[in-house]
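Quick notes on the structure that follows.
Numbering (this note's numbering), first residue to last: 11 to 301.
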(Lines of atoms letter the chains of each structure in order from A; the text may use other names.)
(Lines give C-alpha, C1' and ligand atoms only; values in the text may rest on other atoms or scores of the structure.)
Protein backbone atom coordinates (compact mmCIF):
# COMPACT_ATOMS: atom_id res chain seq x y z
CA UNK A 11 0.00 0.00 0.00
CA UNK A 12 1.40 3.40 -0.92
CA UNK A 13 1.94 5.54 2.20
CA UNK A 14 -0.32 8.55 2.57
CA UNK A 15 0.98 11.92 3.65
CA UNK A 16 -1.10 14.81 4.93
CA UNK A 17 1.68 17.31 5.03
CA UNK A 18 5.09 17.92 3.54
CA UNK A 19 7.84 17.73 6.17
CA UNK A 20 9.91 20.29 4.33
CA UNK A 21 9.31 22.89 1.61
CA UNK A 22 9.66 21.78 -1.98
CA UNK A 23 12.56 23.24 -3.96
CA UNK A 24 10.03 25.26 -5.92
CA UNK A 25 7.01 27.01 -4.46
CA UNK A 26 3.85 28.01 -6.26
CA UNK A 27 1.91 30.89 -4.67
CA UNK A 28 -1.32 30.98 -6.64
CA UNK A 29 -3.97 33.65 -6.27
CA UNK A 30 -7.37 32.51 -4.97
CA UNK A 31 -9.16 30.47 -7.62
CA UNK A 32 -12.78 29.94 -8.49
CA UNK A 33 -13.83 26.35 -7.84
CA UNK A 34 -13.63 23.98 -10.75
CA UNK A 35 -16.97 22.77 -12.08
CA UNK A 36 -17.99 20.62 -15.06
CA UNK A 37 -18.65 23.65 -17.25
CA UNK A 38 -15.26 25.23 -16.44
CA UNK A 39 -13.19 22.25 -17.56
CA UNK A 40 -12.62 20.42 -20.82
CA UNK A 41 -12.17 16.68 -21.20
CA UNK A 42 -9.46 15.91 -23.77
CA UNK A 43 -9.40 12.40 -25.23
CA UNK A 44 -6.44 11.53 -27.48
CA UNK A 45 -7.38 8.64 -29.72
CA UNK A 46 -5.49 6.30 -32.03
CA UNK A 47 -7.47 3.39 -33.48
CA UNK A 48 -9.98 3.28 -30.63
CA UNK A 49 -13.03 2.03 -32.54
CA UNK A 50 -13.69 -0.64 -29.89
CA UNK A 51 -14.39 1.82 -27.05
CA UNK A 52 -14.26 5.45 -28.18
CA UNK A 53 -18.01 6.04 -28.39
CA UNK A 54 -18.55 4.56 -24.93
CA UNK A 55 -15.72 6.67 -23.47
CA UNK A 56 -17.02 9.88 -25.06
CA UNK A 57 -20.59 9.22 -23.93
CA UNK A 58 -19.34 8.67 -20.38
CA UNK A 59 -17.29 11.87 -20.45
CA UNK A 60 -20.29 13.89 -21.66
CA UNK A 61 -22.18 12.86 -18.52
CA UNK A 62 -19.65 14.82 -16.45
CA UNK A 63 -18.75 17.77 -18.66
CA UNK A 64 -20.33 19.35 -21.76
CA UNK A 65 -16.89 20.24 -23.08
CA UNK A 66 -15.33 17.15 -24.66
CA UNK A 67 -12.48 17.42 -27.15
CA UNK A 68 -11.49 14.29 -29.10
CA UNK A 69 -8.12 14.43 -30.87
CA UNK A 70 -7.82 11.70 -33.47
CA UNK A 71 -4.15 10.95 -34.11
CA UNK A 72 -4.39 9.56 -37.63
CA UNK A 73 -6.61 6.54 -36.92
CA UNK A 74 -7.35 4.17 -39.79
CA UNK A 75 -10.12 2.13 -38.12
CA UNK A 76 -12.96 4.65 -38.36
CA UNK A 77 -12.48 6.12 -34.88
CA UNK A 78 -13.36 9.73 -35.84
CA UNK A 79 -16.47 8.67 -37.75
CA UNK A 80 -17.79 6.94 -34.63
CA UNK A 81 -17.96 10.24 -32.70
CA UNK A 82 -18.71 12.60 -35.57
CA UNK A 83 -22.42 12.79 -34.65
CA UNK A 84 -21.76 13.41 -30.95
CA UNK A 85 -21.74 16.89 -29.32
CA UNK A 86 -17.95 17.07 -29.11
CA UNK A 87 -15.11 19.04 -30.67
CA UNK A 88 -13.28 16.70 -33.04
CA UNK A 89 -9.71 17.52 -34.04
CA UNK A 90 -7.98 15.29 -36.61
CA UNK A 91 -4.38 14.61 -37.57
CA UNK A 92 -3.88 13.54 -41.17
CA UNK A 93 -1.17 11.15 -39.98
CA UNK A 94 0.06 9.85 -36.66
CA UNK A 95 1.95 12.52 -34.74
CA UNK A 96 2.06 10.85 -31.32
CA UNK A 97 0.23 11.24 -28.04
CA UNK A 98 2.23 14.34 -27.10
CA UNK A 99 1.08 16.18 -30.21
CA UNK A 100 -2.52 15.06 -29.63
CA UNK A 101 -2.46 16.37 -26.06
CA UNK A 102 -0.89 19.68 -27.10
CA UNK A 103 -3.61 20.24 -29.70
CA UNK A 104 -6.31 19.35 -27.18
CA UNK A 105 -4.82 21.68 -24.58
CA UNK A 106 -4.57 24.52 -27.10
CA UNK A 107 -8.24 24.13 -28.04
CA UNK A 108 -9.29 24.05 -24.37
CA UNK A 109 -7.28 27.19 -23.64
CA UNK A 110 -8.72 28.92 -26.71
CA UNK A 111 -12.16 28.25 -25.28
CA UNK A 112 -11.16 29.68 -21.91
CA UNK A 113 -11.36 26.55 -19.76
CA UNK A 114 -9.76 26.61 -16.33
CA UNK A 115 -8.49 23.03 -16.39
CA UNK A 116 -8.31 19.95 -18.57
CA UNK A 117 -9.07 16.35 -17.66
CA UNK A 118 -7.39 13.79 -19.91
CA UNK A 119 -8.71 10.29 -20.58
CA UNK A 120 -7.36 7.58 -22.85
CA UNK A 121 -9.76 6.53 -25.57
CA UNK A 122 -9.40 2.78 -25.02
CA UNK A 123 -11.75 2.50 -22.04
CA UNK A 124 -9.01 1.89 -19.48
CA UNK A 125 -10.10 5.01 -17.59
CA UNK A 126 -13.62 5.28 -16.21
CA UNK A 127 -15.20 8.68 -16.99
CA UNK A 128 -17.20 8.26 -13.78
CA UNK A 129 -14.00 9.19 -11.92
CA UNK A 130 -14.01 12.71 -13.41
CA UNK A 131 -15.97 14.21 -10.46
CA UNK A 132 -13.43 12.74 -8.04
CA UNK A 133 -10.56 14.36 -9.93
CA UNK A 134 -12.46 17.66 -9.91
CA UNK A 135 -13.06 17.41 -6.17
CA UNK A 136 -9.38 16.74 -5.56
CA UNK A 137 -8.49 19.66 -7.83
CA UNK A 138 -10.64 21.93 -5.69
CA UNK A 139 -9.06 20.65 -2.49
CA UNK A 140 -5.62 21.16 -4.05
CA UNK A 141 -6.02 24.23 -6.29
CA UNK A 142 -3.26 24.69 -8.82
CA UNK A 143 -2.04 21.09 -8.49
CA UNK A 144 -1.93 18.37 -11.13
CA UNK A 145 -4.27 15.55 -10.16
CA UNK A 146 -3.34 12.02 -11.24
CA UNK A 147 -5.83 9.16 -11.39
CA UNK A 148 -3.63 6.52 -9.75
CA UNK A 149 -4.48 2.91 -10.51
CA UNK A 150 -4.42 1.76 -6.89
CA UNK A 151 -7.82 0.10 -6.57
CA UNK A 152 -8.15 -3.59 -7.49
CA UNK A 153 -4.49 -3.66 -8.42
CA UNK A 154 -4.65 -7.42 -8.69
CA UNK A 155 -6.10 -6.83 -12.16
CA UNK A 156 -2.96 -5.03 -13.22
CA UNK A 157 -0.38 -7.36 -14.79
CA UNK A 158 2.73 -7.79 -12.65
CA UNK A 159 5.03 -6.44 -15.36
CA UNK A 160 2.93 -3.27 -15.49
CA UNK A 161 3.09 -2.85 -11.72
CA UNK A 162 6.87 -3.17 -11.81
CA UNK A 163 7.13 -0.82 -14.77
CA UNK A 164 4.96 1.78 -13.03
CA UNK A 165 7.00 1.58 -9.84
CA UNK A 166 10.21 2.05 -11.80
CA UNK A 167 8.67 4.96 -13.71
CA UNK A 168 7.57 6.64 -10.47
CA UNK A 169 11.12 6.34 -9.11
CA UNK A 170 12.51 8.00 -12.22
CA UNK A 171 9.93 10.79 -12.34
CA UNK A 172 10.71 11.74 -8.74
CA UNK A 173 14.22 12.74 -9.81
CA UNK A 174 12.70 15.23 -12.21
CA UNK A 175 10.02 16.65 -9.91
CA UNK A 176 11.89 16.69 -6.60
CA UNK A 177 9.02 14.83 -4.90
CA UNK A 178 7.50 11.36 -5.09
CA UNK A 179 4.55 10.67 -7.39
CA UNK A 180 2.13 7.73 -7.44
CA UNK A 181 1.35 6.25 -10.89
CA UNK A 182 3.22 8.79 -12.97
CA UNK A 183 2.38 6.71 -16.08
CA UNK A 184 -1.38 7.15 -15.75
CA UNK A 185 -3.01 9.07 -18.58
CA UNK A 186 -6.04 10.06 -16.49
CA UNK A 187 -5.13 13.45 -15.09
CA UNK A 188 -6.43 16.90 -14.32
CA UNK A 189 -4.15 19.71 -15.48
CA UNK A 190 -4.65 23.32 -14.38
CA UNK A 191 -4.66 25.82 -17.25
CA UNK A 192 -1.14 26.94 -16.28
CA UNK A 193 0.23 23.46 -16.96
CA UNK A 194 -1.59 23.37 -20.30
CA UNK A 195 -0.06 26.70 -21.30
CA UNK A 196 3.37 25.39 -20.38
CA UNK A 197 2.79 22.31 -22.53
CA UNK A 198 1.71 24.42 -25.50
CA UNK A 199 4.66 26.78 -25.10
CA UNK A 200 6.97 23.91 -25.92
CA UNK A 201 8.57 21.32 -23.67
CA UNK A 202 10.91 18.52 -24.81
CA UNK A 203 9.67 15.00 -25.38
CA UNK A 204 7.05 13.31 -27.54
CA UNK A 205 4.67 10.36 -27.23
CA UNK A 206 4.62 9.02 -23.64
CA UNK A 207 7.77 10.98 -22.77
CA UNK A 208 5.68 14.13 -23.14
CA UNK A 209 3.43 13.26 -20.20
CA UNK A 210 6.44 12.53 -18.00
CA UNK A 211 8.16 15.74 -19.06
CA UNK A 212 5.05 17.79 -18.33
CA UNK A 213 5.09 16.66 -14.69
CA UNK A 214 8.77 17.56 -14.41
CA UNK A 215 8.52 20.91 -16.22
CA UNK A 216 5.48 21.91 -14.16
CA UNK A 217 7.42 21.20 -10.96
CA UNK A 218 10.62 22.90 -12.11
CA UNK A 219 9.17 25.95 -13.86
CA UNK A 220 5.84 26.51 -12.09
CA UNK A 221 6.45 24.98 -8.66
CA UNK A 222 3.43 22.78 -9.30
CA UNK A 223 2.69 19.81 -7.06
CA UNK A 224 0.96 16.50 -7.87
CA UNK A 225 -1.73 14.71 -5.88
CA UNK A 226 -2.97 11.21 -6.69
CA UNK A 227 -6.58 10.03 -6.52
CA UNK A 228 -7.05 6.25 -6.36
CA UNK A 229 -8.96 4.83 -9.32
CA UNK A 230 -9.61 1.29 -10.49
CA UNK A 231 -7.15 -0.37 -12.83
CA UNK A 232 -9.12 -1.63 -15.85
CA UNK A 233 -7.05 -4.15 -17.74
CA UNK A 234 -9.30 -7.06 -18.55
CA UNK A 235 -13.07 -7.07 -19.01
CA UNK A 236 -15.12 -3.88 -19.04
CA UNK A 237 -18.75 -4.45 -17.96
CA UNK A 238 -18.37 -8.07 -19.06
CA UNK A 239 -17.59 -7.01 -22.65
CA UNK A 240 -14.53 -8.10 -24.69
CA UNK A 241 -11.07 -7.18 -23.53
CA UNK A 242 -9.61 -3.75 -24.16
CA UNK A 243 -7.34 -3.35 -27.14
CA UNK A 244 -3.63 -3.86 -26.41
CA UNK A 245 -2.07 -0.78 -24.88
CA UNK A 246 -0.01 1.51 -27.08
CA UNK A 247 2.39 1.77 -24.12
CA UNK A 248 5.27 -0.70 -24.39
CA UNK A 249 6.90 -0.98 -20.94
CA UNK A 250 10.45 -1.83 -22.05
CA UNK A 251 10.60 0.53 -25.02
CA UNK A 252 8.72 3.46 -23.51
CA UNK A 253 10.23 3.22 -20.02
CA UNK A 254 13.67 3.20 -21.62
CA UNK A 255 12.77 6.36 -23.53
CA UNK A 256 11.34 8.02 -20.43
CA UNK A 257 14.21 6.97 -18.15
CA UNK A 258 16.97 7.97 -20.55
CA UNK A 259 15.20 11.29 -21.10
CA UNK A 260 15.06 11.91 -17.34
CA UNK A 261 18.68 10.88 -16.79
CA UNK A 262 19.93 13.31 -19.43
CA UNK A 263 17.86 16.14 -17.94
CA UNK A 264 19.00 15.42 -14.38
CA UNK A 265 22.65 15.32 -15.39
CA UNK A 266 22.27 18.64 -17.18
CA UNK A 267 20.62 20.26 -14.16
CA UNK A 268 23.10 18.86 -11.65
CA UNK A 269 22.59 19.08 -7.89
CA UNK A 270 21.73 15.39 -7.65
CA UNK A 271 22.45 15.19 -3.93
CA UNK A 272 20.00 18.03 -3.25
CA UNK A 273 17.36 16.41 -5.46
CA UNK A 274 17.84 13.08 -3.67
CA UNK A 275 17.29 14.75 -0.28
CA UNK A 276 14.18 16.50 -1.60
CA UNK A 277 12.71 13.29 -2.98
CA UNK A 278 13.25 11.46 0.31
CA UNK A 279 11.67 14.35 2.23
CA UNK A 280 8.51 14.48 0.11
CA UNK A 281 6.49 11.25 0.00
CA UNK A 282 3.52 11.06 -2.38
CA UNK A 283 0.30 12.88 -1.57
CA UNK A 284 -2.83 10.76 -1.98
CA UNK A 285 -6.33 12.21 -1.89
CA UNK A 286 -8.75 9.44 -0.94
CA UNK A 287 -11.39 10.80 1.43
CA UNK A 288 -13.47 7.63 1.04
CA UNK A 289 -10.73 5.59 2.71
CA UNK A 290 -8.95 8.35 4.63
CA UNK A 291 -11.17 11.28 5.69
CA UNK A 292 -8.02 13.26 6.52
CA UNK A 293 -6.98 12.92 2.89
CA UNK A 294 -9.34 15.74 2.02
CA UNK A 295 -7.03 18.21 3.75
CA UNK A 296 -6.88 21.38 1.62
CA UNK A 297 -3.62 22.02 -0.20
CA UNK A 298 -2.85 25.09 1.92
CA UNK A 299 -2.22 22.73 4.84
CA UNK A 300 0.34 20.83 2.78
CA UNK A 301 2.51 23.82 1.88
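Glycine included, every Cβ here is placed at the ideal spot set by N, Cα and C. Predicted model, so just to flag it, every value in this text is computed and none were measured.
The shortest CA-to-CA distance from residue 103 to any of 112, 114, 91 is the one to 91. Around the Cβ of residue 111, a 10 Å sphere holds fewer than 16 other Cβ atoms; the residue is exposed. Residue 215 holds the alpha-carbon nearest to the alpha-carbon of residue 200 among 215, 191, 284, 188. If you draw a straight line from the Cα of residue 219 to the Cα of residue 70, it comes to about 30 Å. Two segments are said to touch when three or more pairs of C-beta atoms, one from each, lie closer than 8 Å; by this definition the segment 123-133 touches the segment 51-61. Here the C-alpha atom of residue 114 lies approximately 20 Å from the C-alpha atom of residue 88. Taking all protein chains shown into account, residue 35 has fewer than 16 neighbouring C-beta atoms within 10 Å of its C-beta and is therefore exposed. Per DSSP, residue 168 has no beta bridge partner at all. In the DSSP assignment, residue 83 falls outside any alpha helix (DSSP H) and carries neither an H nor an E. Under the three-state reduction of DSSP, residue 148 is assigned to strand. Bounds of the alpha helix (DSSP H) holding residue 102 are 97-110. Bounds of the beta strand (DSSP E) holding residue 228 are 224-230. Bounds of any alpha helix (DSSP H) do not take in residue 188; it lies within the beta strand (DSSP E) bounded by 187-190. In this structure, residue 198 and residue 213 do not form a Cβ contact; the two beta carbons are roughly 16 Å apart against a cut-off of 8 Å. For residue 208, the closest of 228, 182, 191, 229 by C-alpha to C-alpha distance is 182. Comparing alpha carbon positions, the residue from 227, 85, 275, 61 closest to residue 174 is 275.
Here residue 277 is near residue 176, since their CB atoms are less than 8 Å apart. Per DSSP, residue 131 lies in no beta strand (DSSP E) segment; the continuous alpha helix (DSSP H) that holds it begins and ends at 130-139.
The C-beta distance from residue 108 to residue 40 rounds to 4 Å, short enough to fall under 8 Å.
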